[in-house]
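Letter by letter, the sequence shown follows residues 190 to 257 of our numbering.
All C-beta atoms, glycine included, are put in the ideal place defined by N, C-alpha and C.
Note that the structure is predicted; figures quoted are calculated from it, not measured.
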Amino acid sequence: MLNRLDSKHPNCPKHDTYMVPYPFDADIQLPNGVEVLRCPNLSCSILYAAGALEGFYTRNSRGELTPI
Ligand SMILES: [Zn+2]
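Next up, the structure:
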């Protein structure tokens with residue numbers, strides 16, 4: 190079992206669970222090098238962006254990342 194702290198894979202602030210890669214829609218433009226992660230809880234809308242956009246987000250009705 191891995192037990193290291195990896196800042197690129199933070200925990201969901203709501204569920205305290207390890208976030209997983211999110212297959213972000215190709216129609217939404219993200220800056221180079223930005224990786225998006227999501228909470229493994231399917232009912233959870235919280236996303237995390239690494240890189241230039243680092244922080245927690247949700248998606249609005251147009252699918253855009255909205256900081257929380
Ligand atoms: Zn969550």
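Review point. Taking Cβ positions, are Arg227 and Leu219 nearer each other than 8 Å?
Key: Not a contact, by the Cβ cut-off of 8 Å.
Is any heavy atom in ligand 1 found nearer than 7 Å to the beta carbon of Thr206?
Within the cutoff, so yes.
Item checked: Closer than 7 Å: Asn249 CB and nearest ligand 1 heavy atom -> Taking 7 Å as the cut-off, the C-beta of Asn249 does not count as close to any heavy atom of ligand 1.
Taking the beta strand (DSSP E) that Gly252 belongs to, which residues open and close that run?
DSSP places Gly252 in no beta strand (DSSP E); its state is neither H nor E.
Q: To the nearest angstrom, report how far apart Asp214 and Gly222 are at their CA atoms.
A: Taking the straight line from one Cα to the other gives about 15 Å.
Grab the span of the beta strand (DSSP E) containing Ala238 for me, first residue to last. Here the beta strand (DSSP E) through Ala238 covers 236 to 239.
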